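Each remark here refers to the structure printed beneath this line.
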Amino acid sequence: MKAIRLAATVLIVVIAMASVLGSLLPVFDYARQDRERINAGVSAAHWLGTDDLGRDRLSRLLHGTQVSLLLAPAAAALSMLLALVIGAASGLIGGFAERSSKLIIDLFLSIPWLFLLLIVRAMLPLNTSPALSAVVTFLMLGALGWAAPARILQARASRLRHAPFILLARAAGISRCRLVFHHVLPNLRPVLLAQFWISVPVFILAEANLSLLGLGVAEPLPSLGSLLRELESALSLGSDVCRFAALMVLILVVSSLQIAVPQQEAC
Amino acid sequence: MERSERGAGDVWKSVLRRVVLAAMTVLAGGLISATLVRYAPGFGSDERQLDARLSSASLAAIRDANASERRILPYYAGYIARALHGDLGISRSLNRPIQQILAERLSITSLLAVKALLVAWLAALSLVFAAGVLRLPALSLSSSIGSGVLLCIPAGALALLSVLLNAPGYLALAVVLFPKLNRYLSNLTAATVSMPHVLAARAKGLSETQILVWHVIPVIKGEVLALAGVSVGLAISAAIPVEALCGIPGIGQLAWQSALARDLPLLINLSMLVIAGVTLANSGADLLSADRGQAA
Amino acid sequence: MRRVFFGTCLFLVAFLAAASCSDELRFYLRSEPKTFNPALVADDSSETVRYLTGGVLLRLNRQSQNLQPELAQAWTVSRDGRTITFTLRKNVRFSDGTPFSALDVKYTMEQLMDPALHSPTGDAFRSSSGRMIVTVLGPDKVAITFPAPVAGLAALFDQVAIVSSQSARHEMASLGPFYIAEHKPGSYVYLRRNPNYWKHDVSGRQLPYLDSIKLEIQSNRDIEFLRFTRNEIHLINSMDADYFDRLALSAPAKVRDAGPSLDSEQMWFNQVPTAPIPAYKREWFRSRSFRLAISSGISRDDLCKVVFKGHATPARGPVSPANKFWFNARLQPVPLDTKRALQLLEQDGFRLSSGKLYDRAGHPVEFSIVTNAGNRAREAMATMIQQDLRAAGITVNVVTLDFPSLIQRISKSFDYEAALLGLVNDELDPNAQMNVWLSSSEEHQWNPQQSAPATPWEAEIDQLMRAQASSMQDATRKKYYDRVQKIVADEAPFIYLVNKNALTGITPTVQGARPVPLRPQTFWNIEYLKLADERAGSGN
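Protein chains in written order, with the working numbering: chain E, 1 to 267; chain Z, 1001 to 1296; chain P, 2001 to 2540.
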């Protein structure tokens, strides 16, 4: 198992390095349109072929992976932090804080945030750069994605509140800081990790869907999500395998992330 | 211990308090949703505004069609007053009574969500239990990778696949829910199986099934029930893209269409319905978890 | 007992076989029809239902583009262009058996022109204020008089589905080839053949040939394509070029390119004086040289080749070559000429410095193009324009917006710089475009509702459009409208990009289909469509 874990870690590092280094090389231009070679197959000039506008798929994949792998985990971390602050803290405190945060979470889970995103888009200037638009989009995803894990964290924290070892630790006069970092957080780890692992691909895909609202990574900048949108077309069925490269990369990243980080050591 | 001494009156009081709180949540949620819709760009826009045939009088009439909805507080108060008399209003985009529209579609989505939740929960639970009982690293590894693959497939591609394979819509929804449930459940059980009391039980020679049923599940039941409550909310929100993409005429598709049409009367009703559903599911999970606590 | 069982089974098999062989045509509506009231039709889906169920006095033949008699055997338009008199067909009945007469025409027109109804079809007849008068001259003769001349009057009746004044089923009683038998909201509209339909084929057989039509509601075009490839639906009215090409390779018998359609793709700059955009940008957008330079900086040929896979032609002006009579053939498409673009820009004081373009005051030239999200072709066009204009040192930001947000920006807040949209054109007559060209109109997209024309050329367009509307001579009208097209090409308030071809899908089991560029492309001759045995055609 350890070998597999090591391999997974190496794989993530390789993908991250390749995307970062590849994006630095001018040869991988993600925006250049070779209009004489649209939807071309693998060739010496285009190792993964070209897309609908004749752009090099490999260049787009390298840049897209970089954009998404930088921003999606950051957004996932933000949502985890919010879930921790709102869900776990209120669960630990209990009483009114817990009851009211439950209400807030219920509300948060069911309000049509689509309209908030539309309002955000309306507030952004139209000439916002694609990179800034990407950052804002992932920030919004992170800020809105905390409610479901918060509910579960709250349940766990609420149980911890009454757990004998916490009571014992409290009775022993352990400082609040030590209690949280040494006893509570490790116990919340499985939920947090699950949330992180789910959020990364979900946010990557959600970013592409937000392009419907004018948010997301704008053209010509690619993202893994926007590359995956190609697969939502019936034309992908039975087409060139290069179309699936972005999906392969995402699956590799997500699976490796899951394998590389162990859960058992908690508690 | 405290709880077990409470009488039936206390339980009823607690239920009543929850109901009142839930009603307040629904009302507040409705108002927040209505305000968001009202102030989102495109409110009051209508595709017909680009119809070159229309005279300026007709264009003015289209623009004024939702004049009453612009002052959101009085409109919302009026809506609540009418809703208490059983009148949910008329959808602007579909031009039909909302009650009728909801009646046609509610059963479709409820059935879809229930089936999808059942399938997803069954699949996730059985995989997690199998991995726990059999303690096969290969099984948990493949379940990790499998749910990873499912998480990475865009909803549109999933809809196409379901059409291609002639799979029913609830399976597409279940496929969206399964990896999330599976991940939470397997993380929770994985963290529990290495706890001291489980190790002690294993040392005593208890079978893996016994360990799972007696020592693992009771520890994580609170989280599992919370997940159950949350999963209803997840199912409802996932039903929107699945229904919209697969062409299933349920509440999810309606929500998407009414959002695009900025149909405020319909959106208020839908939001309140969703909030009621989510609150009900989460409160139910809470109550169950409290009852179990009482029983323990 | 066993015999009864087998008998029942046989009956069931026979019934199912009969059901599957019955002539039921299936295709998709891309949205829920918003209304079944023919007077209120504004969306595509409702229009499809109206076309299939509505009986009209005159029909524009979608192939010849000439008017042909339907419920009216003959018609005359008075010299002053205000009155049209119809002689109606006798012994015609609605689908529910109610007889058809001149009273129904009167009832329909009065409903249609009710100012409180705000009917788009009715508004097309409104050339000035004042009342329309319908005079019933007999059971089969009716005259309709408008307060002012209406140019192209007769053709407008193509959209007027006659509603029964007597039937208890109101607008659901149909005079067209089909009637609405069932509607399951969100799922489908089921049409059955009108048993009282008046039309017969040359052999005397009552039309339509088909028994029923199932219009399923499906907005997902990929699913539509998938089901079409599996022969689960028979028609696709308009197909994206990618899908068309894919099918052309795998099942060439199922696709037909009907040639250039009436629709055009165009972009324009925001010239509204009060728009919340920087003053120097407004100055660019109001400059003719700037607009012409942008027009020259775009490769229309590449748009046709890459986005539409060759199934489009570079647009020349407001009217598509598909509009046989009104198209101004003297106009030429603008070729890609970055050099000319830069020369035009230099005339206005713009200068190119290390690959970036700056205006006279030193502002870098950067603007955004808004377009509607979810339209893959339009998104691709915007990205190509972005690339093309980069060669002239111009930075373009592509912003995709959902439709309501887009409408708000282009017609209410005017908070946009350039827009890329398609103009869906259903009508051939320039009068239908009156509101687009008049500077006082709300639909005058680049600068709507002007109290007085902002430029001399807009004043001239106003004058020409009014002149063509008041003339009853088609040749004179054509002369005026040709001039309008020329001015628009010279001033480029709209930069016309491409005219898409009408790409259609028709399974070979559908017989008698002759797709045309005009809507409804595949089923305009619905009465004459037949279905061959599906099992025979399922091999495709």
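From the three backbone atoms N, C-alpha and C, an ideal C-beta is built for every residue, glycine too. Computed from a prediction, not measured in an experiment: that's the story for all the values here.
Going by beta-carbon coordinates alone, are residue i and residue j separated by less than 8 angstroms?
i       : j       : result
P:A2395 : P:T2371 : As written in the sequence, residue 2395 of chain P is Thr, which differs from the Ala given in the question. Result no, Cβ atoms of P:T2395 and P:T2371 do not sit closer than 8 angstroms.
P:F2036 : P:E2171 : yes
Z:A1174 : Z:G1229 : no
Z:L1160 : E:A234  : yes
Z:P1154 : E:R159  : no
E:G284  : E:T137  : Any property of residue 284 of chain E remains undetermined from this structure, which presents chain E solely from 1 to 267.
P:A2275 : P:F2414 : yes
P:L2423 : P:R2378 : no
P:W2268 : P:Y2481 : no
Z:V1176 : Z:V1193 : no
Rounding to the nearest angstrom, what Cα-Cα distance links residue i and residue j in this structure?
i       : j       : result
P:P2208 : Z:S1056 : 40 angstroms
E:L126  : E:G214  : 9 angstroms
P:R2286 : P:Q2266 : 17 angstroms
Z:L1139 : Z:G1205 : 23 angstroms
P:C2009 : P:H2311 : For P:C2009, the predicted model reports a pLDDT of 48, less than 50, meaning its position is unreliable; a value from the coordinates is still stated below. Those two C-alpha atoms are separated by around 51 angstroms.
Z:L1287 : P:Q2408 : 46 angstroms
E:R189  : P:P2273 : 58 angstroms
Z:L1165 : Z:A1113 : 20 angstroms
P:R2192 : P:D2462 : 47 angstroms
P:W2075 : P:T2087 : 6 angstroms
Z:L1141 : E:L153  : 25 angstroms
Z:S1045 : P:F2350 : 37 angstroms
Z:G1250 : E:P73   : 34 angstroms
P:G2362 : P:T2504 : 50 angstroms
E:S226  : E:V202  : 13 angstroms
E:D52   : P:A2382 : 13 angstroms
Z:G1293 : E:L109  : Residue confidence is low: Z:G1293 scores 49 on pLDDT, short of 50, so the model does not pin down where it sits. No coordinate-derived value is stated.
E:L221  : P:E2366 : 17 angstroms
E:D240  : P:R2227 : 21 angstroms
Z:S1014 : E:A148  : 24 angstroms
P:K2141 : P:A2102 : 6 angstroms
E:L205  : Z:C1152 : 8 angstroms
P:Q2111 : P:L2117 : 8 angstroms
I believe residue i touches residue j by the beta-carbon criterion, under 8 angstroms. Please report the beta-carbon distance rounded to the nearest angstrom.
i       : j       : result
Z:S1289 : Z:L1225 : 4 angstroms
E:G49   : E:C242  : 4 angstroms
E:V184  : E:L58   : In fact, because the Cβ distance is near 46 angstroms, the residues do not count as touching under 8 angstroms.
P:E2609 : P:R2059 : Since the first residue of chain P shown is 2001 and the last is 2540, residue 2609 of chain P is not available in this structure.
Z:N1240 : Z:G1252 : For clarity, residue 1240 of chain Z is Ile in the given sequence; the question names Asn instead. With a Cβ gap of about 4 angstroms, Z:I1240 and Z:G1252 count as contacting.
E:S255  : E:A76   : That pair is no contact at about 16 angstroms.
P:L2352 : P:G2297 : Their Cβ separation, rounded to whole angstroms, is 12 angstroms, which puts P:L2352 and P:G2297 out of contact at 8 angstroms.
E:F115  : Z:A1040 : 4 angstroms
Z:R1053 : P:A2124 : 5 angstroms
Applying the criterion that 16 or more other CB atoms from any shown protein chain within 10 Å of the CB defines a buried residue, is residue i buried or exposed?
i       : result
P:H2444 : buried
P:E2458 : buried
P:N2550 : Nothing in the structure corresponds to residue 2550 of chain P, since chain P is present only between 2001 and 2540.
E:W146  : buried
Z:W1012 : exposed
E:G282  : In the structure displayed, chain E extends from 1 to 267; residue 282 of chain E sits before or after that span and is not available.
Z:S1004 : Reliability of the predicted coordinates at Z:S1004 is poor, the pLDDT of 46 falling under 50, and no value is obtained from them.
P:G2130 : exposed
P:K2034 : buried
P:K2254 : buried
P:C2021 : Here the model assigns P:C2021 a pLDDT of 47, short of 50, so the residue's position is not dependable and the matter cannot be decided.
P:P2321 : buried
Worksheet entry | Ranges of the beta strand (DSSP E) found wholly within the segment 2018-2101 of chain P, counting only runs of at least 3 | For the segment 2018-2101 of chain P, whole beta strand (DSSP E) runs of length 3 or above, ordered along the chain, are 2024-2029, 2058-2060, 2067-2069, 2072-2077 and 2083-2088.
Item to complete: Just list the beta strand (DSSP E) runs in the segment 2334-2417 of chain P, keeping only unbroken ones of 3 residues or longer that don't cross its boundaries, in chain order.
Response: For the segment 2334-2417 of chain P, whole beta strand (DSSP E) runs of length 3 or above, ordered along the chain, are 2351-2353, 2356-2358, 2366-2372 and 2395-2401.
Item to complete: Mind checking the segment 1158-1182 of chain Z against chain B and listing, in chain order, the residues whose C-beta falls within less than 8 angstroms of any C-beta there?
Response: Here the protein chains are E, Z and P, and chain B is not one of them.
Practice prompt. Note down, one range per segment and in chain order, each beta strand (DSSP E) of at least 3 residues found wholly within the segment 2248-2276 of chain P.
Written response: Entirely contained in the segment 2248-2276 of chain P, the beta strand (DSSP E) runs reaching 3 residues are, in chain order, 2255-2260 and 2264-2269.
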